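Chains as they are written, first to last, in my numbering: chain Z, 5 to 472; chain V, 5 to 472.
Number of protein chains: 2
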Amino acid sequence: MVDDSSSVRIVTALRRWITTAPSGAKLPSTRSLVAEHGASPVTVQKALRTLALQGVVESRPGVGTFVRAVRAARANDYGWQTAALGSPNKRIPQLPAALQSVPNDVVALHSGYPARELLPERLVRAAFTRTARTDALITRPPTAGLPELQSWFAAELESATPAGITPAPPSDVVLIPGSQGGLITAFRALVGAGRPLLMESPTYWGAILAAAQVGVEVVPVHSGPAGPDPDALSRAFDQSGARAFYAQPTFASPTGALWSPGLTEQVLEIVRHHGAFLIEDDSAHDFGITAEPHPVAARDDSGHVVYVRSLSKSVSPAVRVAGLIARGPARNRILADTQAGSMYVSGVLQAVALDVVTQPAWRTYLRKLRLELRTRRDLLVRSLREHAPDARLETVPQGGLNLWARLPDTTDLDRVVRECAAAGVVIGSGDEWFPAEPTGKFVRLNYAGPHSGSFPDVARVLGRSLAG
Amino acid sequence: MVDDSSSVRIVTALRRWITTAPSGAKLPSTRSLVAEHGASPVTVQKALRTLALQGVVESRPGVGTFVRAVRAARANDYGWQTAALGSPNKRIPQLPAALQSVPNDVVALHSGYPARELLPERLVRAAFTRTARTDALITRPPTAGLPELQSWFAAELESATPAGITPAPPSDVVLIPGSQGGLITAFRALVGAGRPLLMESPTYWGAILAAAQVGVEVVPVHSGPAGPDPDALSRAFDQSGARAFYAQPTFASPTGALWSPGLTEQVLEIVRHHGAFLIEDDSAHDFGITAEPHPVAARDDSGHVVYVRSLSKSVSPAVRVAGLIARGPARNRILADTQAGSMYVSGVLQAVALDVVTQPAWRTYLRKLRLELRTRRDLLVRSLREHAPDARLETVPQGGLNLWARLPDTTDLDRVVRECAAAGVVIGSGDEWFPAEPTGKFVRLNYAGPHSGSFPDVARVLGRSLAG
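This is how it looks when you write it as structure tokens:
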């Protein structure tokens, strides 16, 4: 009987042998290959036939099997691709520091994710174990998403909806494979290549990347610790003719800004006045410390706010699921775009996400997370004030994962990042967070990473580098 | 003690009550709410405070809590979006028949996926159960993918690589969340909006969708049961100035074509001559029936072939994982594009995919699948010949999931699709498979769907409709 996997194994072994054998060398006999691999003669012969078909060996009946003459190894030459590829239309930025992997033994404050010990690992594990017994493993979910998970996202937003506002129904929720895909879809479906998009500056590097990939023309709007200035926003709409504004109103990355209720109403009014969309990225929704999230989308039922909320950061990086809520024709365009892009989101990941967020223990976890984030934030703030007074915080954020510290304008940012890395402290240069030129020297410091006990040391390292 | 989840529950219940209550109505007393919800007075008061903050109720101290006057319900009006959205740049085709969900009791021959009973369910379930115990659940994998899975994709291609060709190393493999994302990435990174891309016609509707989304200019190249005509391909390169050709050389969808070794060499020669890329979609790799797959990418080491192989169809639709192999600068551009688009693929799905395809039982499964596909294909072919002789097969495919049948040119395709649906048989119109005008009336019939025992009935229904 032919054993396919043995045959494949023998082919692989013989190919290895051949790479070191001279051209024309005789292969071991069938009999010795049978003995060596513990396979049947039929299996060995199948392997030899495969090698012959691949042109690696030739068989001379009655004599044996021989290594064929091969072309000499040569260096790769892909020079022809230069002409075929041409110059890239839009320069996609390099992979930002926030996605870099680092060894376990350094103190990493560069990442955009919480440390593993902050994640609801037990809940996620139980959810996967339960889901492994269901049909979600083997079936294809509806293209807009699991109805129960659509309902959950809609109910979450509804719970923050004031009276008089009609909440978005579950059918306005589109499940997407992570918020990055959602931003790209929103930028492409609502704005489009070559057309203007207002963005807070500084803002989330993933959104800058998404804008570059779609090829929208980014119009930066300065945003500080209290959010964007309404007058500047209004002017930017007028001057650019933009029809969309991307922002993180709740614990913005990197500044930590939380929009006041007054600012929320002003921005909504500006957006309505200009017949435009607010693309609200609520990725820090679950990371409130001393404030509750109040999504802007909950205060609008006229289809002006397109809302994206990811679960990857608070549930698990393996659960790449986000919900996008949009209303009216915008929702249809976004659904068509996301279907063309990814067709559907793995039903397993949707089922796991739903399982986790509907457990009673999910609320317990969120409460513990809040305390944990508070402790870490406060320790890093105290450490910086004590040991790195030159790194000034314009605000202590009421939520999120990061401090945004301004360094003296004369700082050589590359040198500081390099010196910290050499001392085992990985920080990200603030420059990556500006869609246009940076307005100063900044670092973003993630207090949700591992090794939080080392924050005083981190601050000492940074302080020494700034003083030096 | 405040119980957050009870408080949320009470808020939700009261909001429901309020929607049916007249404006100004008095809410039940705190005492009766405590009794009704089994919650503490503090929890009930928190719920009432939340409602007050949301503007739904107002509290009159010493008197009670009252429903606030709300705006009258009104119909949604998203008309303003028309101006904001403008005309779409490129019309994205509607969701094709192949992705439609249908009730369980119809015979569905329209889908692009194998029926559940053909999937390795036991293997997938065991892989999820094992993976649920690992760190893949809670950690972020490298952006290019799990190294072991990169190695597996590279080894699969290497096993088909002839002597003298340098196989692609694992580092040339980029893991992507499904082949749809891979096609979009390849079209965007290698071609770009507004530039020409040669495509087989007819071809996979997902690729047509991907081309529309990226906005490439599609140049169709006729492709029959033996694949594309090399002369026509060469002319299309000359006339369009295209630098890339998208094709499915192995069990193409919808035609079932398998390129001969001679055609493979000719196409490679044409592609090289024009300094162009072949974007090879090997999505039917695991569905050989009377032929083995021989990826074109295995015969090229000069970076001309960009290769995409999905596991979603043969492992499980829940395991949205595909491998993309590209070499040289093209690989770098593709990696940057896929990172900007999705950042990384869920580590759980990658770990499950790796677990499934490295089990010895995977090869056993593939052998059983081959027999099963053969039985189904042959039954559908016999049934059509007997009961629907007007549906002519230009070829009996040597692999894949579909028959591609040509109907008489005078057929009213919409009527046939409608009549079959009315009789409980869902088929997809062939028109969806042509990037330009269809060259005839076709239907694609998936023989890997559920209810294969009904194929004779299916053929009778189709035959009656064609005769009618």
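Ideal Cβ positions, reconstructed from N, Cα and C, are used throughout, including at glycine. Predicted model, so just to flag it, every value in this text is computed and none were measured.
Taking a Cβ-Cβ threshold of 7 Å, the residues of chain V close to G279 of chain Z are W84, A87 and A88, in chain order. Proximity to P299 of chain Z across Z:G90, Z:R20 and Z:I329 peaks at Z:I329, based on C-alpha coordinates. Excluding residues up to 5 positions away in sequence, nothing lies with its Cβ nearer than 8 Å to the Cβ of V67 of chain V in the same chain.
Using a Cβ-Cβ cut-off of 8 Å, I338 of chain Z does not count as an interface residue toward chain V, since no Cβ of chain V sits closer than that to its own.
Under the three-state reduction of DSSP, P401 of chain Z is assigned to coil, being neither helix nor strand. Under a criterion of Cβ atoms nearer than 7 Å, the residues of chain Z adjacent to G185 of chain V are, in order, G345 and S346.
For I14 of chain V, the closest C-alpha among the options Z:H278, Z:S163, Z:A172 and Z:S316 is that of Z:S163. In this structure, DSSP gives F255 of chain V a state outside helix and strand, which the three-state scheme calls coil. S9 of chain Z and L187 of chain Z have their C-alpha atoms spaced approximately 44 Å apart. Residue contact check for A216 of chain V against chain Z: a CB pair falls below 8 Å. Beta-bridge partners assigned by DSSP to F281 of chain Z: Z:A248. Any Cβ of chain V closer than 8 Å to the Cβ of T133 of chain Z would place that residue at the interface, and such an atom is present. DSSP places N336 of chain V in the uninterrupted alpha helix (DSSP H) bounded by P333 to S346.
Taken in chain order, the whole alpha helix (DSSP H) runs of length 4 or more contained in the stretch 360–409 of chain Z are 364–391. Its chain contains C424, A427 and V429 as the residues whose beta carbon lies nearer than 7 Å to that of V465 of chain Z, once the 5 sequence neighbours on both sides are disregarded; these appear in chain order. In chain order, I169 and T170 place their CB closer than 6 Å to the CB of D305 of chain V, counting only its own chain and leaving out the 5 sequence neighbours on each side. Using a C-beta cut-off of 8 Å, the stretch 361–375 of chain Z makes no contact with the stretch 338–346 of chain Z, since fewer than three inter-stretch Cβ pairs fall below that distance.
In summary, the residues of the stretch 49–64 of chain Z whose CB is separated from some CB of chain V by less than 7 Å are Q58, G59 and V60, in the order they occur in the chain. One finds L141 and I142 in chain Z with Cβ atoms closer than 8 Å to the Cβ of E125 of chain V, taken in chain order. Taking 8 Å as the CB threshold, I14 of chain Z stays off the interface with chain V. P265 of chain V sits in a helix when the DSSP states are folded into three classes. For I188 of chain V, the neighbours in chain Z by C-beta distance under 7 Å run, in chain order, G345.
Within chain V, A344 have C-beta atoms less than 7 Å from the C-beta of L213 of chain Z, given in sequence order. The CB of T165 of chain V comes closer than 8 Å to the CB of Q58 in chain Z, given here in chain order. DSSP places K317 of chain V outside both helix and strand once states are collapsed to three, so it counts as coil.
A distance below 8 Å separates the beta carbons of A301 of chain V and E284 of chain V. Interface annotation, Y117 of chain Z: in contact with chain V, CB-CB separation under 8 Å.
By the Cβ test, the stretch 445–456 of chain Z is in contact with the stretch 376–383 of chain Z, since at least three Cβ pairs between them sit closer than 8 Å. Relative to G432 of chain V, the option among V:A440, V:W209, V:S350 and V:P234 whose CA is nearest is V:W209. Per DSSP, the beta-bridge partners of G432 of chain V are V:R448.
The stretch 408–424 of chain V makes no contact with the stretch 192–202 of chain V; the number of CB pairs closer than 8 Å stays below 3. The straight-line gap separating the alpha-carbon atoms of S63 of chain V and T16 of chain V is approximately 18 Å. Chain order gives the chain Z residues near L194 of chain V as A88 and L89, where near means a beta carbon separation below 8 Å. With a threshold of 8 Å between beta carbons, D341 of chain V makes contact with chain Z. Cβ contact annotation for T143 of chain Z (same chain, cutoff 7 Å, sequence separation greater than five): G351, in chain order.
In the DSSP assignment, F459 of chain Z falls outside any beta strand (DSSP E) and lies within the alpha helix (DSSP H) extending over F459 to A471.
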